[in-house]
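Working notes for the structure below.
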Amino acid sequence: MTTFNELELDERILDALHGEGYRTPTPVQEETIPALMAGRDVMGIAQTGTGKTAAFALPILHHLASEKPASGRPIRALMLTPTRELAAQIGERLRVYGQHLPLYSTVIFGGVGQSPQVKALRRGVDILVATPGRLLDLHNQGHVELGDVEHFVLDEADRMLDMGFSKDVERILRLMPERRQNLMFSATMPKAIGSLANNMLYDPVSVDISPEEATTDRIEQYVSFVRKADKRELLIDLLEGQMVSCGIVFTRTKHGANRLAKQLAKVGIPADSIHGDKSQTARTKALARFKNGEVFVLVATDIASRGIDVEDVTHVFNYDLPNEPEVYIHRIGRTGRAGREGLAYAFCDESESGYLVGIQRLLGHEIEVLEDQPYHFEKARPKPGQKPGRVKGFPVGGASRRGTGRGREMRRYNRGGQKQNGQRQRSDKQPSQGRQKNNRSRRGQRSDQPNRPAKGRPPQPKHRRGNQQGRSNNANRRSKRRDDRP
Ligand code: AMP
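Sequential numbering from 352 applies to the sequence shown in the numbering used here.
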């Protein structure tokens, strides 16, 4: 195995890595760093969580530190990313890795006032980390000059194009000198990325950290078949049963994220949401509360989740399955970071079975089914030979939307199909332990490893381990809440 010492990086960078506790390079670093050190372009297939930031940041810092900057300190390296969170994350890593170097970097992104960014640019920076929109804005106003860029990084290129930034990227490419070192990282390799790579990269070295290598090694994955209307209860059971103190829940919509976070908080699970409609300040605050353990669960939409770099995330819940299989890989990559292990749960309702087919095809294997849970709904399981993609006949966004009357009808039946007089009863469930008690015991308990299910069996739903003494106040409250539902 290669060590950082063998990569011929500047001693001051090695010192910083040592301080961070990095012992050996990750696979993406092992392959990318020597190519970049040798001055080559690189096309990397790797997702966040693999250590790709250091893979491009370290050799660029090394090169910049070995040259004397021209007077006025022009921008010599540009790192372009699709989201503000990711930009901030890269900026933070650059400060850590370059802490002993006489180099300056700054981060610019939209959604916040531009004057502090303009001030930082005026002082002169060697490395600029930016999102495309704000970069072009500031360039148009004459605050950014890219004529001296020697190193260019296009990070999360697939996401960049998905978000409609392809014209902006082309414009930015034209603002830089032709002779420069280029690096492109993408989690997936759709056709559009192939042609962008052809235009942008010169004789690149390919580095491919495939999804399987990046995820399935360390992340245990489960799927539950469940009615849409039961997803919330299943989530609460799993959050409590697993005593999750650092989990991310993915929903399809911003509204769904907001609503779910509020519902979790209401039943005593500290939760917050993060999505594109929230102001930058609110997002930063939510992230900080999650990082410091005040909030156990972050409910997120995909775009907002990019760049969430919290090493201790133990659980990821795909509350809504994504319609693009690659997004599933991105999402579960939020856990199992920096060599840790993680658990990923996917909830699949009847309208989402085609998405599951696509995901399993990309993974190259089936995800283990959690059948031993009280909301198991066999009809959501993909049919033999089912094609990937949307299930015909279901509106986008799910089978049992409010207003169709369908969800309500389903809730009036128990799992055996018997009518419940308009009220769902769960006589098959043992009373649960008090939620507050659970929370208290979880507080401050965050560990590197998730509370995983016993080997060979799926995680036990809470009702099987509940105390037999009778309902606690919380359980009573919860049962009342259920009965109150429409
Ligand atoms: P990234 O994929 O760049 O977002 O990195 C994921 C996480 O891995 C970050 O928290 C890094 O601090 C951490 N990391 C990166 N490289 C290493 C390494 N060689 N050893 C240990 N941790 C690392």
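Backbone N, C-alpha and C fix where the C-beta goes; we use that ideal spot for every residue, glycine too.
Check your understanding: How many Å lie between His-502 and Leu-585 at the Cα?
Key -> One-based indexing of the sequence shown puts residue 502 at position 151. One-based indexing of the sequence shown puts residue 585 at position 234. If I take the Cα positions, the gap works out to 48 Å.
Check your understanding: So, helix, strand or coil for Val-463, using DSSP?
Key -> Reading the sequence shown from its first residue, position 112 is the one you call residue 463. Note: Val-463 maps to coil in three-state DSSP.
Practice item. Compute every distance between the C-beta of Thr-375 and the non-hydrogen atoms of the ligand AMP, then say whether any falls below 7 Å. Key: The count along the sequence shown starts at 1 and reaches residue 375 at position 24. Yes; taking the cut-off as 7 Å, the Cβ of Thr-375 has a heavy atom of the ligand AMP nearer than that.
**Study point:** Through-space distance from Pro-378 to Thr-353, alpha-carbon basis
**Key:** For the purposes of this step, residue 353 is taken as residue 2 along the sequence shown, with counting starting at 1. For the purposes of this step, residue 378 is taken as residue 27 along the sequence shown, with counting starting at 1. Roughly 10 Å separates the two Cα atoms.
Review point. Are the CB atoms of Leu-505 and Val-495 nearer to each other than 8 Å?
Key: Counting from one through the sequence shown, the residue named residue 505 turns up at place 154. Counting from one through the sequence shown, the residue named residue 495 turns up at place 144. Not a contact, by the Cβ cut-off of 8 Å.
Practice item. Kindly indicate the opening and closing residues of the alpha helix (DSSP H) around Met-511. Key: Taking the sequence shown and counting its residues from 1, the one referred to as residue 511 is at position 160. It spans 508 to 513 - the alpha helix (DSSP H) in which Met-511 sits, taken as one unbroken run.
Check your understanding: Expressed to the nearest angstrom, what Euclidean distance is found between the alpha-carbon atoms of Ser-304 and Ala-622?
Key -> Residue 304 falls outside the range modelled here, since the chain spans only 352 to 837, and no answer is possible.
Practice item. With distances taken Cα to Cα, identify the nearest neighbour of Glu-571 among Glu-717, Asp-671 and Arg-474. Key: Position 220 of the sequence shown, counted from the start, is the residue given in the question as residue 571. Among Glu-717, Asp-671 and Arg-474, the Cα nearest to that of Glu-571 belongs to Glu-717.
Check your understanding: Buried or exposed: Gln-398, going by 16 or more other Cβ atoms within 10 Å of its Cβ?
Key -> Counted from its first residue, the sequence shown places residue 398 at position 47. By the neighbour-count rule (16 or more Cβ atoms within 10 Å), Gln-398 is buried.
Point to revise | C-beta contact flag for Arg-446 and Ala-408 at 8 Å | key: What you label residue 446 is simply residue 95 of the sequence shown in a count that begins at 1. What you label residue 408 is simply residue 57 of the sequence shown in a count that begins at 1. Result no, Cβ atoms of Arg-446 and Ala-408 do not sit closer than 8 Å.
Review point. Which one of Thr-401, Pro-376 and His-413 has the shortest CA to CA distance from Gly-390?
Key: By one-based count along the sequence shown, residue 390 stands at place 39. Nearest of Thr-401, Pro-376 and His-413 to Gly-390, Cα basis: His-413.
Check your understanding: Going straight from the alpha carbon of Gln-614 to that of Arg-374, what length do you get?
Key -> Position 263 of the sequence shown holds residue 614. Position 23 of the sequence shown holds residue 374. Going by the C-alpha atoms only, they are around 42 Å apart.
Check your understanding: Taking 7 Å as the cut-off, does the CB of Gly-515 come closer than this to any heavy atom belonging to the ligand AMP?
Key -> By 1-based counting over the sequence shown, the position of residue 515 is 164. Flag unset: Cβ of Gly-515 not near the ligand AMP.
Check your understanding: Is Lys-642 near the ligand AMP, going by C-beta to nearest heavy atom under 7 Å?
Key -> Here residue 642 corresponds to residue number 291 of the sequence shown, with the count starting at 1. Short note on Lys-642: C-beta not closer than 7 Å to any heavy atom of the ligand AMP.
Exercise for review: Please find out if some non-hydrogen atom of the ligand AMP comes closer than 7 Å to the beta-carbon of Ala-508.
Suggested key: Looking up residue 508 in the sequence shown gives position 157. The answer is no for Ala-508.
Review point. Which of helix, strand or coil does DSSP assign to Ser-596?
Key: Translated into positions along the sequence shown, residue 596 becomes position 245. Three-state DSSP puts Ser-596 in coil, outside helix and strand.
Exercise for review: Could you tell me whether any non-hydrogen atom of the ligand AMP is closer than 7 Å to the CB of Gly-687?
Suggested key: Your numbering for residue 687 matches position 336 in the sequence shown. False, no ligand heavy atom lies under 7 Å from that Cβ.
Review point. How many angstroms separate the CA atom of Arg-603 from the CA atom of Ile-587?
Key: Counting from 1 along the sequence shown, the entry for residue 603 is found at position 252. Counting from 1 along the sequence shown, the entry for residue 587 is found at position 236. Our two residues, Arg-603 and Ile-587, have alpha carbons roughly 18 Å apart in a direct line.
Point to revise | Secondary structure of Met-535, DSSP reduced to three states | key: Locating residue 535 in the sequence shown gives position 184, where the first residue counts as 1. The DSSP-derived three-state label of Met-535 is strand.
**Study point:** Cut-off 8 Å between Cβ atoms - residues of its own chain near Ala-637, not counting five sequence neighbours on either side
**Key:** Taking the first residue of the sequence shown as position 1, residue 637 is located at position 286. The residues are Asp-623, Ser-624, Ile-625, Lys-629, Val-646 and Leu-649.
Review point. Would Glu-362 be called buried (16 or more neighbouring beta carbons within 10 Å of its own) or exposed?
Key: Locating residue 362 in the sequence shown gives position 11, counting from the first residue. Result: exposed.
Point to revise | Element boundaries [alpha helix (DSSP H), containing Glu-362] | key: Reading the sequence shown from its first residue, position 11 is the one you call residue 362. Counting along the chain, the alpha helix (DSSP H) containing Glu-362 begins and ends at 362 to 371.
**Study point:** Best match in Met-511, Arg-474 and Pro-453 for proximity to Arg-481 [C-alpha to C-alpha]
**Key:** One-based indexing of the sequence shown puts residue 481 at position 130. Sequence inspection shows Ala at residue 481; the Arg mentioned does not correspond to that position. It is Met-511 whose Cα lies nearest to the Cα of Ala-481.
Exercise for review: Please say whether Ile-599 and Arg-685 have beta carbons closer to each other than 8 Å?
Suggested key: In the sequence shown, residue 685 corresponds to position 334, counting from 1. In the sequence shown, residue 599 corresponds to position 248, counting from 1. Yes, the Cβ-Cβ distance between Arg-685 and Ile-599 is below 8 Å.
Check your understanding: Assuming Ser-296 and Glu-507 make a contact with CB atoms under 8 Å, what is their CB distance in whole Å?
Key -> What the structure shows of the chain is the stretch from 352 to 837, and residue 296 is not part of that stretch, so it cannot be assessed.
Review point. Cα separation between Phe-641 and Thr-632?
Key: For the purposes of this step, residue 641 is taken as the residue at position 290 of the sequence shown. For the purposes of this step, residue 632 is taken as the residue at position 281 of the sequence shown. Approximately 14 Å, taken between the alpha carbons.
Exercise for review: Please name the residue, chosen from Tyr-553, Gly-644, His-666 and Val-558, that lies closest to Gly-592 on a Cα-to-Cα basis.
Suggested key: In the sequence shown, counting from the first residue as 1, residue 592 sits at position 241. When each option's Cα is compared against that of Gly-592, the closest is His-666.
Practice item. Determine the closest residue to Ala-406 out of Tyr-448, Val-720, Arg-525 and Ala-695, with distance taken between C-alpha atoms. Key: Here residue 406 refers to the residue found at position 55 of the sequence shown. Among Tyr-448, Val-720, Arg-525 and Ala-695, the Cα nearest to that of Ala-406 is on Tyr-448.
Point to revise | Val-720 - partner residues in DSSP beta bridges | key: Along the sequence shown, one-based indexing puts residue 720 at 369. Val-720 pairs with Val-574.
Practice item. Pick helix, strand or coil for Ile-838, following the three-state DSSP scheme. Key: No answer is possible for residue 838: the residues shown for the chain start at 352 and end at 837.
Check your understanding: Quick one: is the Cβ of Gln-465 within less than 7 Å of any heavy atom of the ligand AMP?
Key -> Translated into the one-based positions of the sequence shown, residue 465 becomes position 114. No, the beta carbon of Gln-465 sits no closer than 7 Å to any heavy atom of the ligand AMP.
Practice item. Answer with buried or exposed for Glu-662, where buried requires no fewer than 16 other C-beta atoms within 10 angstroms of its C-beta. Key: Locating residue 662 in the sequence shown gives position 311, where the first residue counts as 1. Classification for Glu-662: exposed.
Review point. So Arg-610 and Tyr-726 are in contact, right, with Cβ under 8 Å, and what is the actual spacing, rounded?
Key: Reading the sequence shown from its first residue, position 259 is the one you call residue 610. Reading the sequence shown from its first residue, position 375 is the one you call residue 726. Rounded, the Cβ-Cβ distance is 19 Å, inconsistent with contact.
**Study point:** Beta-carbon spacing of Gly-400, Gly-687 below 8 Å
**Key:** Locating residue 400 in the sequence shown gives position 49, where the first residue counts as 1. Locating residue 687 in the sequence shown gives position 336, where the first residue counts as 1. Yes. Within cutoff.
Practice item. Could you spell out where the alpha helix (DSSP H) holding Met-551 opens and where it closes? Key: One-based indexing of the sequence shown puts residue 551 at position 200. Looking at the DSSP string, the run of the alpha helix (DSSP H) that includes Met-551 is 542 to 551.
Review point. Any heavy atom of the ligand AMP within a distance shorter than 7 Å of the CB on Gln-380?
Key: On the sequence shown, position 29 is the one that residue 380 refers to. Gln-380 Cβ: within cutoff of the ligand AMP.
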